[in-house]
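Student:
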Amino acid sequence: MPLDGHSYLVAQGWTGSGTGLRQGAISRPLVIPQKKSLAGLGKERDEAFPFWDHLFSAASKSIQIHLSSDEDSDAEPNAANVSLKRTSTGILSNRRPAIGAPAESSGSTTPDIGDASPGPRLSLLATAKREAAKRGLYSRFFRGPVIGPDSPLASEPVIVVAPDVDVLIPPPGGEAGPSKKKRKVSSEGEDERRERKRLRRERKEVDKAERKAEKKALDKAERNSEGKHRRKRKPEAEEGKEGTDDKESEESDKARRKRERKEKRSSEATNSAEAEGEPKRKRKRPIE
Numbered sequence: 001m002p003l004d005g006h007s008y009l010v011a012q013g014w015t016g017s018g019t020g021l022r023q024g025a026i027s028r029p030l031v032i033p034q035k036k037s038l039a040g041l042g043k044e045r046d047e048a049f050p051f052w053d054h055l056f057s058a059a060s061k062s063i064q065i066h067l068s069s070d071e072d073s074d075a076e077p078n079a080a081n082v083s084l085k086r087t088s089t090g091i092l093s094n095r096r097p098a099i100g101a102p103a104e105s106s107g108s109t110t111p112d113i114g115d116a117s118p119g120p121r122l123s124l125l126a127t128a129k130r131e132a133a134k135r136g137l138y139s140r141f142f143r144g145p146v147i148g149p150d151s152p153l154a155s156e157p158v159i160v161v162a163p164d165v166d167v168l169i170p171p172p173g174g175e176a177g178p179s180k181k182k183r184k185v186s187s188e189g190e191d192e193r194r195e196r197k198r199l200r201r202e203r204k205e206v207d208k209a210e211r212k213a214e215k216k217a218l219d220k221a222e223r224n225s226e227g228k229h230r231r232k233r234k235p236e237a238e239e240g241k242e243g244t245d246d247k248e249s250e251e252s253d254k255a256r257r258k259r260e261r262k263e264k265r266s267s268e269a270t271n272s273a274e275a276e277g278e279p280k281r282k283r284k285r286p287i288e
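Mapping the sequence shown onto UniProt numbering, position 285 (from 1) lands on 285, and the numbers just tick up by one.
(1) Inspect the beta-carbon positions of L84 and A126 and report whether they are closer than 8 Å.
(2) Can you say whether H229 is buried or exposed, counting buried as having 16 or more other CB atoms within 10 angstroms of its CB?
(3) Using the Cα positions of P50 and R143, report the straight-line distance between them to the nearest angstrom.
(4) How about L55 and I32: do their beta carbons lie closer than 8 Å?
(5) Pull up the CB-CB distance for G18 and H6, whole angstroms please, since I reckon it's below 8 Å.
(6) Give me the Cα-Cα distance between S252 and T270, rounded to the nearest whole angstrom.
(7) What does the alpha-carbon distance come out to for the pair R201 and R194?
(8) Please name the residue or residues paired with R86 in a DSSP beta bridge.
(9) Can you tell me where the alpha helix (DSSP H) holding G5 begins and where it ends?
(10) Taking DSSP as the reference, what is the three-state secondary structure of L55?
(11) Classify L21 as helix, strand or coil using the three-state DSSP reduction.
(12) Just the Cα atoms here: how many angstroms apart are Y8 and T89?
(13) Rounding to the nearest angstrom, what Cα-Cα distance links E190 and A213 in this structure?
(14) Starting from the C-beta of L21, find all residues in its chain whose C-beta is less than 6 Å away, skip the five residues before and the five after it, and write them out in chain order.
(15) Note down the Cα distance separating R256 from E250, rounded to an integer number of angstroms.
(16) Between S123 and K129, what straight-line distance do the alpha-carbon atoms span, to the nearest angstrom?
(17) Taking the straight line between their C-alpha atoms, what separation do you get for L199 and E210?
(18) Provide the residue span of the alpha helix (DSSP H) that contains L30, from first to last.
(19) In angstroms, rounded to a whole number, what distance separates the CA positions of K262 and S272?
(20) Measuring straight from C-alpha to C-alpha, what distance separates A133 and T87?
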């Protein structure tokens with residue numbers, strides 16, 4: 001099914017030769033292979049529907065131009081009911097209307113919007129079902145009274161009554177004062193509550209006394225063990241001190257004896273030199 005772009009534009013009202021993007025684009029029409037099989041999606045897709053032509057004709061019919069000279073002649077304008085088919089989402093439908101036109105007659109025989117039959121309308125049964133569903137949906141919501149600043153309900157306090165507690169809620173918009181609570185407690189419940197408190201207090205005191213006794217026993221045991229270790233370390237320290245004193249005395253005796261021997265040898269050497277009468281010669285130090 002070839003599509004001649006030049007003839008299509010001429011049919012739409014364009015004039016001139018035009019300029020193609022490629023060489024020979026105007027003289028050679030586009031070749032579109034016709035789909036003759038039913039493979040894939042859709043059927044008879046070679047028969048196209050001129051959607052834009054249909055939309056343009058519908059929009060042009062809704063335009064009315066009035067001149068000052070035609071006011072008397074066109075006193076009653078032609079109120080044409082222009083309605084386009086829409087989808088369920090509200091957008092314009094690009095499907096073929098009830099009376100359409102093939103692709104070969106596009107531009108010359110544009111379908112008339114007035115001749116097309118209106119779309120299928122909902123039956124009475126479908127309308128009734130939709131209304132029943134809507135009522136069933138909104139019937140689940142509860143709508144209470146609207147409380148405003150001037151309504152009589154705004155000045156009256158709302159009292160919420162519980163089995164044992166009465167709470168007074170101030171009216172909305174007023175000053176928030178201290179809430180008044182009234183508790184209704186029987187005498188038996190009060191006695192039971194006091195008894196539970198007393199037992200809990202006694203249990204706490206017993207636990208506290210036990211912890212105190214355990215802590216005292218642990219402190220006493222620690223003090224006893226520290227005293228034993230201290231008494232055991234004292235004789236060991238005394239023995240170590242005596243050993244160090246003996247060692248120091250022995251070292252001092254050795255040093256004293258060594259010093260005495262050295263003095264004795266030096267005195268003997270001087271005595272022998274004086275007895276011989278020879279002066280002691282000094283050895284020459286070699287020159288390095």
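We treat Cβ as the ideally placed atom computed from N, Cα and C, and that holds for glycine.
Tutor: According to the data block:
(1) no
(2) exposed
(3) 51 Å
(4) no
(5) 7 Å
(6) 28 Å
(7) 11 Å
(8) L92
(9) 5-12
(10) helix
(11) coil
(12) 33 Å
(13) 35 Å
(14) none
(15) 10 Å
(16) 10 Å
(17) 17 Å
(18) Per DSSP, L30 belongs to no alpha helix (DSSP H) and is neither H nor E.
(19) 16 Å
(20) 21 Å
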